[in-house]
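First comes the structure, then the notes that go with it.
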Amino acid sequence: QVEGAIERIIELRAVATARGKILADLKKRELWTAAIEKRLDAARTMAEIESIYHPFRVARKTNAAKGRDQGLDRYSNLVLQSTDPLPQDFYRLSADQAKLVGAIIIEAFGQVSDAVSVVEEQFEPSAWINVSLASKGRKAAVKDMSAEEFESKRKHYAAYDGRRFPPGTIRGYQVLAINRGEALGFLKVDITSRAEGRIRAEALKKITAEYPCLVERMKRQKERAKVVAWWNEAFDGHMVPHAERMLRSKLKAAAEKESIGVFRRNLRRELSQRPLRGHG
454 QVEGAIERII ELRAVATARG KILADLKKRE LWTAAIEKRL DAARTMAEIE SIYHPFRVAR
514 KTNAAKGRDQ GLDRYSNLVL QSTDPLPQDF YRLSADQAKL VGAIIIEAFG QVSDAVSVVE
574 EQFEPSAWIN VSLASKGRKA AVKDMSAEEF ESKRKHYAAY DGRRFPPGTI RGYQVLAINR
634 GEALGFLKVD ITSRAEGRIR AEALKKITAE YPCLVERMKR QKERAKVVAW WNEAFDGHMV
694 PHAERMLRSK LKAAAEKESI GVFRRNLRRE LSQRPLRGHG
C-alpha cells in the first residue's frame, strides 16, 4: 500500500508538470480556452493528459499547414464562419488544393474539445476488441519464416482466434499476450464500437454547436456532400483512431501495472519463506 501511494504521488507530480507545460504552450500559440483548461485540471493520469493535448500537438508539417501557407484558409474560414454560398472559384480549385482546404477544416473539427470528449468517453464503454489469427506473417519478425515454422509458432496464439473482449472484462495477461502476438504478426486486432452511429451523431452536434453556420450549409445539397465528407474523415480518420490508441494505451498500462503487482507479491512470498534447514 505504501509503495502504491508513492507511485501515485510520483504520477500526480508528473501530471501536474505536464499540465503546466501544456497550458503554457497553448497560451503561447493562442489556442488556450477555458474548456481545455477545465479538462486538463480534471485529468488525473498521464494518459488523460496526452489525450487532451493530442489534437494540439505540433507534428511534422501537415496538409493543413501547407494549405494555410498557400492562403487556402480563406476558403476554410468561409466554410466554417459564414453561411454565404461557396463561391464558384472554390469549385474550380485543383484536386490538390481542395484536399488542402479539406485538411484545414478536418483539423478544425479535431480541435473541438467537446466533440473529442464525446468520442473518447463513449467509445470505450461500447468497444469490442476483436482478435483473430493472421493468415500469414505481416511483420519483419515472421515474414522470412517458412510456412511450417510460422504455423508452429502461430498455434501458441490459437486460443485468441475469433475472440471478442469488452475492455472492462479483458484480463491483464490477455492484453499483454495479444499485444505480443500482434507485434510478432501472429494476431490481428481490430477495435470496433457497438454505438458508432450514435457517437458519430452526438459528436457532430458538438461540431455544429461550435460552427453553427454548418447547419445552413448542410441544407444545400451540393455543400452538404462536402461537409459530410470532411466530417466523416475527421471522425473515422482522426477521432476514432485516437480513441483506439488511448484505449489500448490505458489497457497496456493497467496490464503492466497488474503484472508488476503479481511479480511483487510472488517475490515477497518467496522471500518471506523460512530457509531450508542447513541453508539458512
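The numbering of the sequence shown is this note's numbering, which starts it at 454 and goes up by one.
Don't be surprised by glycine CBs; every beta carbon is placed ideally from N, CA and C.
Note that the structure is a prediction, hence the values are computed from the model and not measured.
Worksheet item: With a cut-off of 8 Å, does the C-beta of residue 519 fall near any C-beta of chain D?
Response: The structure shown contains no chain D, having only a single protein chain.
Discussion item. Between which two residues does the beta strand (DSSP E) holding residue 661 run?
Written reply: Residue 661 sits at position 208 when you count from the first residue of the sequence shown. Taken as a continuous stretch (DSSP letters only), residue 661 belongs to no beta strand (DSSP E), being part of the alpha helix (DSSP H) at 649 to 663.
Practice prompt. Just tell me which of 710, 664, 584 and 475 has its CA closest to the CA of residue 529.
Written response: If you number the sequence shown from 1, residue 529 lands on position 76. Measuring from the Cα of residue 529, the nearest candidate turns out to be 664.
Discussion item. Whether or not the segment 672 to 684 and the segment 607 to 624 are in contact is what I'm after, with contact meaning three or more pairs of Cβ atoms, one per stretch, closer than 8 Å; do they touch?
Written reply: no
Worksheet item: Exposed or buried, residue 670, counting other C-beta atoms within 10 Å across all chains shown (16 or more means buried)?
Response: For the purposes of this step, residue 670 is taken as residue 217 along the sequence shown, with counting starting at 1. With 16 or more other Cβ atoms inside 10 Å of its own Cβ, residue 670 counts as buried.
Item to complete: Can you tell me which of the three DSSP states residue 455 falls into?
Response: Here the question's residue 455 lines up with position 2 in the sequence shown. Residue placement at residue 455 is poorly supported in this model, since its pLDDT is 45, which falls under 50; the coordinates are not used for a value here.
Discussion item. Rounding to the nearest angstrom, what Cα-Cα distance links residue 508 and residue 600 in this structure?
Written reply: Taking the first residue of the sequence shown as position 1, residue 508 is located at position 55. Taking the first residue of the sequence shown as position 1, residue 600 is located at position 147. Going by the C-alpha atoms only, they are around 42 Å apart.
Fill in: Nearest residue (CA-CA) to residue 472, options 462, 536, 682 and 495
Working through the sequence shown from its first residue, we reach residue 472 at position 19. Answer by Cα proximity: 495.
Worksheet item: Distance, Cα to Cα, residue 714 vs residue 497?
Response: As a first step, residue 714 is located in the sequence shown; it is residue number 261 there, counting from the start. As a first step, residue 497 is located in the sequence shown; it is residue number 44 there, counting from the start. Distance between the alpha carbons of residue 714 and residue 497: 21 Å.
Worksheet item: Which of helix, strand or coil does DSSP assign to residue 511?
Response: In the sequence shown, residue 511 corresponds to position 58, counting from 1. Coil at residue 511, not helix or strand.
Practice prompt. Could you have a look at residue 481 and say whether DSSP puts it in helix, strand or coil?
Written response: Position 28 of the sequence shown, counted from the start, is the residue given in the question as residue 481. The answer is helix: DSSP assigns residue 481 an H, G or I state.
Worksheet item: Is there contact between the segment 566 to 576 and the segment 533 to 552, where contact requires at least three CB pairs shorter than 8 Å?
Response: no
Item to complete: Leaving aside the five residues before and after residue 533 along the sequence, list all residues of the same chain whose C-beta is less than 8 Å from its C-beta, in chain order.
Response: On the sequence shown, position 80 is the one that residue 533 refers to. Once the five neighbours on either side are set aside, the close Cβ partners of residue 533 are 558, 561, 664, 666 and 667.
Worksheet entry | Anticipated Cβ contact below 8 Å, residue 524 with residue 687, distance rounded | Taking the sequence shown and counting its residues from 1, one reaches residue 524 at position 71. Taking the sequence shown and counting its residues from 1, one reaches residue 687 at position 234. Wrong, their Cβ atoms sit about 22 Å apart, outside the cutoff.
Discussion item. For a test of the three-state rule: what should DSSP assign to residue 679, helix, strand or coil?
Written reply: Along the sequence shown, one-based indexing puts residue 679 at 226. Of the three classes helix, strand and coil, the one that applies to residue 679 here is helix, per DSSP.
Worksheet item: Do you know how far the Cα of residue 536 is from the Cα of residue 613?
Response: Position 160 of the sequence shown, counted from the first residue, corresponds to residue 613. Position 83 of the sequence shown, counted from the first residue, corresponds to residue 536. Rounded to whole angstroms, residue 613 to residue 536 spans 52 Å at the Cα level.
Practice prompt. Indicate the three-state DSSP secondary structure (helix, strand or coil) for residue 565 in the structure shown.
Written response: Counting from 1 along the sequence shown, the entry for residue 565 is found at position 112. Coil, per DSSP.
Discussion item. Whole angstroms are fine: how far does the CA of residue 556 sit from the CA of residue 682?
Written reply: Sequence index remark: in the sequence shown, residue 682 carries index 229 (1-based). Sequence index remark: in the sequence shown, residue 556 carries index 103 (1-based). Roughly 11 Å between the two C-alpha positions.
Fill in: Inter-stretch contact (C-beta, 8 Å, three-pair minimum) for the segment 510 to 519 and the segment 697 to 711
no
Worksheet item: Per DSSP, residue 543 forms a beta bridge with which residues?
Response: In the sequence shown, counting from the first residue as 1, residue 543 sits at position 90. In the DSSP output, where bridge partners are listed per residue, residue 543 has none listed.
Fill in: Helix, strand or coil at residue 589 [DSSP, three-state]
Taking the sequence shown and counting its residues from 1, the one referred to as residue 589 is at position 136. Looking at residue 589 - three-state DSSP - the assignment turns out to be coil, as it is neither helix nor strand.
Fill in: C-alpha distance - residue 467 paired with residue 500, whole-angstrom precision
As a position in the sequence shown, residue 467 is number 14, starting the count at 1. As a position in the sequence shown, residue 500 is number 47, starting the count at 1. Rounded to the nearest angstrom, the two C-alpha atoms are 11 Å apart.
Discussion item. So if DSSP puts residue 643 in a beta bridge, which residue, or which two residues, is it bridged to?
Written reply: By 1-based counting over the sequence shown, the position of residue 643 is 190. Beta-bridge pairing links residue 643 to 583.
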